[in-house]
Structures are given as C-alpha cells and as structure tokens.
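Worksheet: one structure, shown below.
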Amino acid sequence: MWDEISKRYHLWSLSNRWFYFLIGLEIKGRIDHAEYILDVGSGPGIFAEELAILFPKSKIVCFDASTEMCKLSRGIRGDASYLPFKENTFDIVTFFFSLHELEIASALEEAKRVLRRNGVIFIVDLNRDAPQILKRASKLILERIMGKKYAEHLEKTWREFKSCEEIAENLRRKGLEVECRKGLQEIRIIAKKI
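Under my numbering, the residue at position 67 of the sequence shown is numbered 178, and the numbers go up by one with no gaps.
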C-alpha cells in the first residue's frame with residue numbers, strides 16, 4: 112500500500128510541515144546536540160528534513176519498509192524489527208506517526224539497542240482514545256487525499272493501536288525512563304536510555 116500512495120502521502124506530508132517542525136522544536140528543547148538521529152518509518156522524509164534544520168551538524172538517517180518512500184527520503188529500506196545498525200549508534204531515535212504500523216515490542220527493542228546511553232526515543236503517534244468524531248473526520252479527509260484503502264487501514268490501525276500507557280509500560284520494562292503525554296489526536300512519549 113505504501114508504495115502506491117507514496118507520492119500522495121508526500122504531498123500531504125508537505126502540507127503538515129509546520130507540525131513536523133513544532134515536534135522537532137520539542138525534541139531540540141530536550142536534546143541540544145545529537146551526532147546521529149534515526150527516523151524509523153520515515154515515509155518521504157519530511158520530518159527528517161525539519162530535524163536537519165534544527166540539528167544542522169547531525170547525521171540523520173531515514174529508515175522505512177517502503178521502497179518508494181525510501182526513494183523520496185533517500186533512506187534505507189528495511190524492517191524496524193531488525194535494524195541494520197550497531198548497538199549504541201544513535202543519540203535520538205524517532206517514530207513519527209509510524210509505530211502504529213510496526214510490531215511494537217520488537218521495534219522498540221531494536222530502537223533501544225541502537226540508542227546510545229542518555230539517548231532518547233521520541234514517539235509521536237495516534238491517540239487511541241481520541242474522540243470518535245475526530246477519528247471519523249480524519250478518515251473522511253484521508254479517504255479523499257489517499258484513497259479508501261488507506262483510510263480504512265488507518266481506521267482499523269487507530270482502533271487497535273496500543274494506548275499511551277501501554278507503550279510507556281513496554282519501554283519501562285526495557286529499563287528506560289519514560290514520560291507520556293496525550294493530546295487530542297496524538298500521544299507523545301519520550302524515553303531516555305539510562
């Protein structure tokens with residue numbers, strides 16, 4: 112599915128660039144310097160572009176399962192459950208509206224493995240507890256932009272996604288220090304490797 116909607120998704124991502132930048136500012140407020148940043152499920156790479164503005168000296172790696180998305184981001188294609196990087200490589204690992212598409216436990220285990228000590232995993236994703244009217248409106252909008260198949264996929268994924276608390280608990284069990292916040296539509300989780 113992702114390969115066939117990559118161009119439409121890219122255009123939609125561009126229209127939301129302002130939000131990507133705000134999230135980047137939030138990360139920058141927590142970590143002033145990062146040598147290496149990994150964006151897991153990077154899609155077309157728009158979030159990575161915003162991070163590059165805020166972290167101009169950092170090496171940012173885009174990683175996605177979709178061949179077409181990797182062409183757009185100039186990223187590395189692969190499975191988030193088997194990251195092809197050495198242990199303790201990255202200062203920041205991000206999941207920007209991508210964790211709901213992945214096998215959560217193994218993706219987070221891999222993120223922890225490649226994260227350096229005092230590094231941060233930063234997750235922004237769907238709030239399972241968002242109001243139904245917001246979920247319905249999102250489905251209608253995305254159906255027009257991405258097509259019915261994507262909109263139905265998102266609706267199902269949103270319904271089945273783990274809660275903020277469940278994801279935070281998974282990270283705590285892995286030995287990370289975790290903060291969890293819920294917005295109306297999204298969750299934000301910051302997990303520090305200590």
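Note that CB positions come from ideal geometry on N, CA and C, so glycine has one too.
Nothing here was measured: the structure is a model prediction, and the numbers come from that model.
Rounded to whole angstroms, what's the CA-CA distance from residue 294 to residue 144? Just pull it up for me. Distance between the alpha carbons of residue 294 and residue 144: 27 Å.
Would DSSP call residue 271 helix, strand or coil? Residue state, collapsed to three classes: helix.
Using only alpha-carbon positions, find the residue among 155, 271 and 290 that is nearest to residue 207.
-> For the residues 155, 271 and 290, the minimum Cα distance to residue 207 belongs to 155.
Notebook entry, point to check: If you draw a straight line from the alpha carbon of residue 272 to that of residue 239, how long is it in whole angstroms?
Noted result: So the alpha carbons of these two residues sit roughly 6 Å apart.
- Cα separation between residue 216 and residue 267? Whole-angstrom Cα-Cα distance: 19 Å.
Checklist entry - Does DSSP put residue 120 in a helix, in a strand, or in coil? => result In the structure shown, residue 120 sits in a helix (DSSP, three-state: H, G or I).
Inset, instruction - Measuring alpha carbon to alpha carbon, tell me which of 176, 200, 212 and 175 ends up nearest residue 169. - result: Checked all of 176, 200, 212 and 175; the closest Cα to residue 169 is 200.
Note to self: For residue 183, which residues in the same chain have their Cβ closer than 7 Å to its Cβ, ignoring the five residues on either side in sequence?
What the structure shows: Within the same chain, and ignoring the five residues on either side of residue 183 in sequence, the residues whose Cβ sits closer than 7 Å to its Cβ are 117, 121, 155 and 156.
In this structure, what does DSSP give as the bridge partners for residue 171? In the DSSP assignment, residue 171 is bridged to 148.
Element boundaries [beta strand (DSSP E), containing residue 230]: Judged by DSSP secondary structure, residue 230 falls within the beta strand (DSSP E) whose first and last residues are 226-237.
- Residues near residue 164 in its chain [Cβ-Cβ closer than 8 Å; skip 5 each side]: Taken in chain order, the residues that qualify are 132 and 135.
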